[in-house]
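> Okay, handing you the structure first.
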Amino acid sequence: MGTSTPKVTVSTTTSASDLHDKIDTLEDFVNYGIDTSYEIQGPGNPISTDPWVETNHIWAPDFYGAPAPRTELVSSQVHYRRTLNDIINEGAHFSAAHSAKSWQYIPGLTASVKLMRDCIVDVTASWFAFEYGGITSVETHFEKKEACKFRFAVNGVGYTSTTRYLRTSCGLNSQITRKQFSVVKQLELAAGVHNIGIRIYLAERVFHAPPDSPPYDGLVDQIKFVFVGGRNIVIDAHEKKNMDDAVVREAKVGEPSEEDAFGDTELVDGPDGSKPSKKTY
Amino acid sequence: MARVTIKDITEGGSLNIEDVNETIESWNDASKQINGDNVRVQGLDQRVFGPVIRKPPTAYTSGSGAGWVPHSPTLDFLPVKTTGADAVIRPGWLPSEGDTLIIRASFQFYVEARGGRPAFTGHSSTPTARFRLEYGDTQNWYELNTTERRFQMSKMYSDNTKGWLSSATFSGSGPSHPYGFNWDNSAPNGASGDTPTEQTCTIIHLVEPGEVGKVSNVPRFRIAYLTANSDMTISGVPKETEKVYIGWLNFNSTVYRR
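Listed in order, the protein sequences are those of chains A and B. Quick note on numbering: the first sequence equals residues 1 to 281 in the numbering used here. Quick note on numbering: the second sequence equals residues 1001 to 1258 in the numbering used here.
This is the structure we're talking about:
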């Protein structure tokens, strides 16, 4: 029950002090009078667990479009990028002559994300790619050379478990060397700005004597261009605050690390993709 | 009701005793639990909401340290193992509390085989590699329906005498170069067989409680594989038996609370 304030009775003179008493009773009730003896609160009568929260009670989500499409929700963020399967107009194009042996983020598979709090981040990415334009010898090149590799990275640090390889096409057969790729990755990120996405690393540019007839003049590239076609990435960031730990732990699966609650023991590449080093966050 | 209403008493008007008593009665009868009437529009924000997920279990990952890990041919699904342990995770999933579970797996693989080459194997079957999610306890494992992914190489990849690429690229009757799906490194006539042609396998699955009814406790989940000839045979001839190499694997989960 609520208060026990006496009502005003008919034909009785109501004095100012009487009104003040009633107001004081209500004031006491609101300010510090609600305790376990009242039904609206207390161990015997906790706040109802019936689903009474409606959509209109919750802070409205914010939806943003270009250039950084995302949805900011009450306790999570979802960032997404999607690119049509239109190689001519929207394909990401990489040339071995200009960008071999360096890690580069792929437009449409990358997002800069600002996290307001520490988050558990789930990343899902999918794309297709193929090499084209290199040496045309089927015998020496059809899917026999590594054209490039892809890898998921955060702030310039790659995770080796997300490495994906693409092979050479030998020119005319690029249609059959097109490959579908995907990456799923779960990691913890601190509050702040993070550059998240898929990077590409073209293999070293190597010249090769063309075996085809009639003979060409000079040498030609073994690996020439890599096209990345239709592609999507979704970055789902859940705030870590007060995360429910009602978890049945699986010991020693995936060789969990002592220093990282999520057991990601992968070696990661530095920005130059060369010498592996331990993850730094 | 949980909401207190105050009768509108205006200055200059006559004070009706019923109005006063309705207000007092509203306070006296405030006996219901707090509900949506007590929360203003958009009054629930980040300060009052906790996270919407449960803490994830350790993800299963393998990278360059493990490299390509060979998995022997099998007609029965066996666990994928790219580190010292099977690819197993155990999410903190409590379906009785309305949790929703999503399992994700992505990895690369290639097959080493001579399938589809009658001159060597005596049959025309082509190699296959299959993957799926399974759930279970420490003893028994069961298929999660709809999660199986099948890959199969065509004769283009494995027939080095009749492959559709071959007639335009070399002459003579002997095998020349194997195309794709690396088969072995000591083939006749100098074929080098260094063409792994890695494929990517992806499995993302929302698990329904009814799918895992054969396990009473919180289930474990694993990635399982099968590789053989597509006619479900395994050759006893060395290097004619398919072997799948698996690596660069990520296997994780998210439990969303109700």
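Here a beta-carbon is modelled for each residue, glycine too, at the ideal position from N, C-alpha and C. Predicted model only: the values in this text are computed from it and were never measured.
I'd like to check one pair, Tyr132 of chain A with Phe225 of chain A: are the Cβ atoms closer than 9 Å?
Against a cut-off of 9 Å, the Cβ pair of Tyr132 of chain A and Phe225 of chain A comes out as a contact.
> Let me confirm a value: Ala1224 of chain B is counted as buried when at least 16 other C-beta atoms fall within 10 Å, else exposed. Which label applies?
buried
> In three-state terms, what does DSSP make of Thr9 of chain A?
coil
> Would you say His79 of chain A and Val113 of chain A are within 9 Å of each other, going by their C-beta atoms?
yes
> Determine the extent of the beta strand (DSSP E) in which Val1255 of chain B is found, giving its start and end residues.
Val1255 of chain B -> beta strand (DSSP E) spans 1243-1256.
> Does Phe181 of chain A have its Cβ less than 9 Å from a Cβ in chain B?
yes
> Got a sec: which bits of the stretch 61-84 of chain A sit with their beta carbon under 8 Å from any beta carbon on chain B, in order along the chain?
Per Cβ criterion, the list reads Val74, Ser75, Ser76.
> Between which two residues does the alpha helix (DSSP H) containing Asn195 of chain A stretch?
No alpha helix (DSSP H) holds Asn195 of chain A; the beta strand (DSSP E) holding it covers 192-202.
> Less than 9 Å between the C-beta atoms of His1060 of chain B and Thr1083 of chain B, yes or no?
In the sequence as presented, His is not what sits at residue 1060 of chain B; that position holds Tyr. Closer than 9 Å, so yes.
> Return yes when the Cβ of Glu90 of chain A is within less than 9 Å of the Cβ of Gly108 of chain A, no when it is not.
A contact, by the Cβ cut-off of 9 Å.
> Exposed or buried, which one is Gly1092 of chain B when buried takes at least 16 other CB atoms within 10 Å?
buried
> Which partner residues does Pro1127 of chain B have in the DSSP bridge list?
In DSSP, Pro1127 of chain B forms a bridge with B:Asn1229.
> Going by DSSP in three states, Asp1029 of chain B sits in which element: helix, strand or coil?
coil
> Quick check on the DSSP output: the beta strand (DSSP E) that includes Ile1261 of chain B runs from which residue to which?
The displayed coordinates of chain B run from 1001 to 1258. Any statement about residue 1261 of chain B would go beyond what the structure contains.
> Check whether the Cβ atoms of Arg1104 of chain B and Asn1217 of chain B lie closer than 9 Å to each other.
no
> Asp236 of chain A: which of A:Thr13, A:Asp28, A:Thr71 sits nearest, CA to CA?
The option with the nearest alpha carbon to Asp236 of chain A is A:Thr71.
> With burial defined as no fewer than 16 other Cβ atoms inside 10 Å of the residue's Cβ, what is the status of Asp24 of chain A: buried or exposed?
exposed
> Using a Cβ cut-off of 9 Å, pull out every chain B residue sitting near Val226 of chain A, in sequence order please.
Against Val226 of chain A, chain B offers no close residue; the least beta-carbon distance is about 15 Å (beta-carbon pairs closer than 9 Å).
> Curious, which full-length alpha helix (DSSP H) runs of at least 4 residues does the stretch 89-134 of chain A contain?
96-99
> Would you give the residue range spanned by the alpha helix (DSSP H) that His57 of chain A belongs to?
Per DSSP, His57 of chain A belongs to no alpha helix (DSSP H) and is neither H nor E.
> At which residues does the beta strand (DSSP E) containing Leu1044 of chain B begin and terminate?
Leu1044 of chain B -> no beta strand (DSSP E), and no H or E assigned at all.
> If you run the structure through DSSP and keep just helix, strand and coil, what is Pro1079 of chain B?
strand
> From Ala60 of chain A to Arg1040 of chain B, what distance separates their C-alpha atoms?
13 Å
> Could you compute how far the alpha carbon of Asp1008 of chain B sits from the alpha carbon of Ser1026 of chain B?
13 Å
> For Thr124 of chain A versus Ser182 of chain A, is the C-beta spacing smaller than 9 Å?
yes
> Tell me the rounded alpha-carbon separation between Leu26 of chain A and Lys240 of chain A.
40 Å
> In chain B, what lies closer than 8 Å to Lys240 of chain A by C-beta?
Simply Pro1051.
> Might you give, ordered along the chain, the residues of its own chain that have their beta carbon closer than 7 Å to the beta carbon of Ala292 of chain A, omitting 5 neighbours on each side?
This structure does not reach residue 292 of chain A, given that chain A is present from 1 up to 281, and the question cannot be answered.
> Tell me Ala153 of chain A's beta-bridge partners as DSSP assigns them.
A:Gly158, A:Gly197
> Given a limit of 7 Å on CB to CB distance, which residues of the stretch 1038-1069 of chain B reach chain A?
Val1039, Val1041, Gln1042, Gly1043, Leu1044, Asp1045, Gln1046, Phe1049, Gly1050, Pro1051, Val1052, Ile1053, Arg1054, Lys1055, Pro1056, Pro1057, Thr1058, Ala1059, Tyr1060, Thr1061, Ser1062, Gly1063, Ser1064, Gly1065
> With respect to the alpha helix (DSSP H) encompassing Asp18 of chain A, which residues constitute its N-terminal and C-terminal limits?
In the DSSP assignment, Asp18 of chain A falls within the alpha helix (DSSP H) that extends over 16-28.
> So what's Pro1209 of chain B in DSSP terms, helix, strand or just coil?
helix
> Between Gln222 of chain A and chain B, is there a C-beta pair that is closer than 9 Å?
no
> Thinking Ser126 of chain A and Asn232 of chain A are a contact (beta carbons under 8 Å), I'd like their distance in whole angstroms, please.
5 Å
> Name the DSSP bridge partner or partners of Arg1222 of chain B?
DSSP, once it has assigned bridges, lists B:Val1088, B:Glu1134 as partnering Arg1222 of chain B.
> Out of curiosity, what's the CA-to-CA distance linking Val248 of chain A and Pro1057 of chain B?
The predicted position of Val248 of chain A is uncertain, since its pLDDT is 41 and thus under 50; no value can be drawn from it.
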